[in-house]
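Heads up, the thing below is written out as structure tokens.
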């Protein structure tokens, strides 16, 4: 039993030390890593050419159920805010062998934002090497990463909407006409 | 040549920068750190000391650090993995006895029960239309039939090509080239580390050329060569493998056509496998292999239709020298429903002689909110050796129905099906499966979700005469907006093969566990787990792996910066 206690103490101590060392608030904003990928029609799309827009990069895969749920809400935000400067780049990390499934999935879900193919997992490796998806980053008009979010549970879209609205307010000098956070967060409150 | 191009690209970066901005002044550093401590408990006792319980309990801490230095035209990345053991020994007659060796012969570490590994390093340089990568690189060609080395963290597999990669886009042409040695992840992040083995360096060379916009078509061609490590001398100095480049084990050549023909998308790939090594054919004469794969998708009204077909002969031979090490180097579309792969159906995934197809139809009953679907897979598996549990050919029929519901309050993704392996002789194997991921509101500001997989498997007559079995895996979670989540896990299996690897902690066939998660901010997550889960086969990305069960405690911290 003493060995159990000793080991538990080692683990708990290590965890507590590490936990206390983690930042309590977000670290300073950083430049987003650049990339160029092809979309589902084989057209090249680069992050650099989105400069001047607020860009939400969302990594997902056809086999990832939480990703599908998150992108369902992202579609609502994109439909409302595309004209106000929001660009969504949904990066599929499906391997080459699953590439045939991507476009039918996009079509069947009714998503209208660009979907890029990271078949060789090089871009996800730059952004989030643990590759636990869904993983999202919000990039401002200057290319700074201003919000990172890993995994998805219902209600996370509320915070994401707030962050996007904040970024669009900075971009346009005024708040978007429609407050989607009130819509998504109301849905969440109803939960 | 590659180094010269890198230098040229870096110089170009410097020239293009404003005069007062140096090469390293616009550098951006990001990264992440994951650490997990595990405490394994075991009811195993020494035969001569039956009353001394718990002496095989031990602790393990694994960590992974990633750092990426990013400038406008280049990126430098590194990944460090670490593992340490605690209490992995006991005293017998005052003599310290180690339960196992952390390191197998050939892995160097200055510590007896710890290892730190610079697992991956890479440099990527962009020079106009050319991108050059040095160090650890990923690459796949076509649909992955000839080469598919990508990260697969779902089953803790991460194999790169350690060497040089070049990608270039000029007009409507794409060129990709890679040359190097396979570099397998050595320290497991999710599974126990015992007897860490050195990475076995297989030589891989590949080139792929794509021409876009030939009318409505995109054309592609590729060639891949493999020179597998000699199992008798797996630790030859890394790049000496280039010295015997004439001793190639396999050459693969192929081409693909992709078309956007009005309402339909079409893709066809064909590959020819030329084998030169008897090591890949231990069960007979060397034969060539081939792979044909095709898919088409079209979208009439509210329907989405995807049809895929394949015919593979001797394609898995390529993986036969590498699968025991936990990874596969070439993986084409299996067209299987991989969430419920069993020991039996994994034989179909890895068959050397199989053809068939799958069709799936999705219907947008309520666009974006309610999408039911139906799929049907039919295959003819003609291989009799390898992983197969039977000695006759079989026809596999697998219908699956499911739905995706994205409601305002409840979301649900549900799939269920029946798989039948009809053998020409000796009856049939059958599988009935259901899986569901449901998210729903709970009282107060809590939100819940449940994920549940259950299946029943019946073996037909076979030489080993295994037992029919049930398997169930369930996770029930409650989430609070403050960032706290509490999860309860419950596994059940009466599969003797799974129980032989890890018995349940409630009963031999029942496994229970609880987990507390906390996300203090967007960049940090803490997880504390206590309990047990079952062993079992798991497939992801066409790769299948027998994952061990667990009984004990885990504490994990994940953060990005």
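Protein chains in written order, with the working numbering: chain R, 1 to 191; chain V, 1001 to 1561.
Even for Gly, the Cβ is constructed at its ideal location relative to N, Cα and C.
Cα atoms of residue 111/R and residue 82/R: separation of roughly 13 Å, rounded to the nearest angstrom. Under the DSSP assignment, residue 71/R falls in the alpha helix (DSSP H) whose first and last residues are 65 to 81. Cα atoms of residue 1177/V and residue 1207/V: separation of roughly 4 Å, rounded to the nearest angstrom.
Put simply, the backbone Cα of residue 1388/V is about 27 Å away from that of residue 1202/V. For residue 1182/V, no chain R residue has a Cβ inside 8 Å of its Cβ, as the nearest lies near 15 Å away. Below 8 Å, enough C-beta pairs join the stretch 1465 to 1478 of chain V and the stretch 1491 to 1499 of chain V to call them touching: three or more. Of the candidates 1417/V, 1045/V, 1269/V and 1260/V, the residue whose Cα lies closest to the Cα of residue 1142/V is 1269/V. Collapsing the DSSP output to three states places residue 1311/V in a strand.
Within chain R, the residues 97, 98 and 100 have their CB atoms less than 8 Å from the CB of residue 1333/V, given in chain order.
Cβ-Cβ separation between residue 36/R and residue 46/R: approximately 4 Å, consistent with a contact (criterion under 8 Å). Between residue 1537/V and residue 1343/V the beta-carbon gap is near 6 Å, inside 8 Å, which marks them as a contact.
Taking 8 Å as the threshold, the shortest C-beta distance from residue 1185/V to chain R does not fall below it. The residue from 1535/V, 1075/V and 1434/V with its alpha-carbon nearest to that of residue 1503/V is 1535/V.
Contact of residue 147/R with chain V by beta-carbon distance below 8 Å involves 1522.
C-alpha of residue 142/R to C-alpha of residue 159/R: approximately 22 Å in a straight line.
Taking a beta-carbon distance threshold of 8 Å, residue 1030/V counts as an interface residue toward chain R. In the structure shown, residue 124/R falls within a helical segment according to DSSP collapsed to helix, strand and coil. Counting only the Cα atoms, residue 53/R lies some 36 Å from residue 1361/V. With contacts defined by Cβ atoms closer than 8 Å, residue 1222/V and residue 1250/V do not form a contacting pair. Within the stretch 1308 to 1321 of chain V, contact with chain R at the beta-carbon level (separation under 8 Å) is assigned to 1308. Straight across, the Cα-Cα distance linking residue 1166/V with residue 1121/V is about 16 Å. By the Cβ criterion, the stretch 1137 to 1156 of chain V is in contact with the stretch 1186 to 1193 of chain V, since at least three pairs of Cβ atoms, one from each stretch, lie closer than 8 Å. One thing to note: residue 1339/V has its Cβ within 8 Å of the Cβ of residue 1453/V. Relative to residue 1391/V, the option among 1374/V, 1359/V, 1427/V and 1400/V whose CA is nearest is 1427/V. Rounded to the nearest whole angstrom, the C-alpha separation of residue 1521/V and residue 138/R is 15 Å. Think of a sphere of 9 Å around the beta carbon of residue 1267/V: the chain R residues whose beta carbon falls inside it are 99 and 100, in chain order. Bridge pairing for residue 172/R: absent [DSSP]. When 7 Å is used as the limit between beta carbons, residue 1260/V is near these residues of chain R: 41, in chain order. The beta carbon of residue 1307/V is closer than 6 Å to those of 1296 and 1359 in its chain, skipping five residues each way along the sequence. Contact check between the stretch 117 to 126 of chain R and the stretch 92 to 102 of chain R: three or more CB pairs, one atom from each, fall below 8 Å, which counts as touching. Here residue 1138/V is buried, its C-beta having at least 16 other C-beta atoms within 10 Å. Sequence-distant Cβ neighbours of residue 1039/V in its own chain, meaning closer than 6 Å and more than five residues away, are 1059, 1552 and 1553. At a cut-off of 8 Å between C-beta atoms, residue 1202/V does not count as an interface residue with respect to chain R. Chain order gives the chain V residues near residue 125/R as 1151, where near means a beta carbon separation below 7 Å. Residues of the stretch 154 to 176 of chain R with a C-beta less than 7 Å from any C-beta of chain V: 154 and 155, listed in chain order. Taking 8 Å as the CB threshold, residue 1085/V stays off the interface with chain R.
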